[in-house]
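Asks: Start counting the sequence shown at 1; every next residue gets the next number (my numbering).
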Amino acid sequence: MDTYSNYNQIRMHSHDETKTTFIKDTRTLYYKVMPFGATYQQLMDKIFKSVMGRDMEVYIDNMVVKSTIAGEHCNALRKVFDVLRKHQLKLNLENCSFKIQVGKFLGFMLIERGIEANPKNFQAIIDMRSPRNIKEV
1 MDTYSNYNQI RMHSHDETKT TFIKDTRTLY YKVMPFGATY QQLMDKIFKS VMGRDMEVYI
61 DNMVVKSTIA GEHCNALRKV FDVLRKHQLK LNLENCSFKI QVGKFLGFML IERGIEANPK
121 NFQAIIDMRS PRNIKEV
């Protein structure tokens, strides 16, 4: 799953808005939302603390809900959706996939056995020929 506009959903405290002031053409502008990804990751770690590691993994705006039993998966999804609703975070449905047996997450393969390296990422090493002489080592 992917949240919509990731960290741009986090409102900045009103007294901090002017600290982000910048000038564009002849106008003075400032952020009303958090402009940095580290803040968003910190928020995700905090609000999903009860399910992180066991039912889901989160990296910035990328989330994966995981389980080995369908019934447990529905409960895990419910917990995640409840947290998203509570904190008024929206998902980008174009980037969400559900009921996936095998998939990619942050360049890794998610399979029934767990998380494995994506073969495409190391295929060039597998295909590399062995050195034929001392110079090639």
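Ideal placement from N, C-alpha and C gives every residue a C-beta, glycine not left out.
1. From Glu-17 to Arg-11, what distance separates their C-alpha atoms?
2. Pull up the distance between the alpha-carbon of Ile-23 and that of Gln-42, whole angstroms please.
3. Which residues does DSSP list as the beta-bridge partners of Arg-11?
4. With Val-102 as the anchor, note down where its beta strand (DSSP E) starts and where it stops.
5. From Tyr-31, Tyr-40 and Ile-115, pick the residue whose C-alpha is nearest to that of Val-65; which is it?
6. Would you kindly report the start and end of the unbroken beta strand (DSSP E) that includes Lys-120?
7. Check whether the region 113-133 and the region 77-96 are in contact - that is, three or more C-beta pairs closer than 8 Å.
8. Pick out whichever of Thr-26, Lys-32 and Tyr-59 has its Cα sitting closest to the Cα of Ser-14.
9. Could you check where the alpha helix (DSSP H) with Phe-81 kicks off and where it finishes?
10. What does the alpha-carbon distance come out to for the pair Glu-57 and Ser-67?
11. By the 10 Å Cβ neighbour count, where 16 or more other Cβ atoms means buried, how is Asp-55 classified, buried or exposed?
Replies: Let's see:
1. 10 Å
2. 29 Å
3. Val-33
4. No beta strand (DSSP E) holds Val-102; DSSP gives it neither H nor E.
5. Ile-115
6. Unbroken run through Lys-120 is the alpha helix (DSSP H), 119-127; no beta strand (DSSP E).
7. no
8. Lys-32
9. 70-86
10. 11 Å
11. buried
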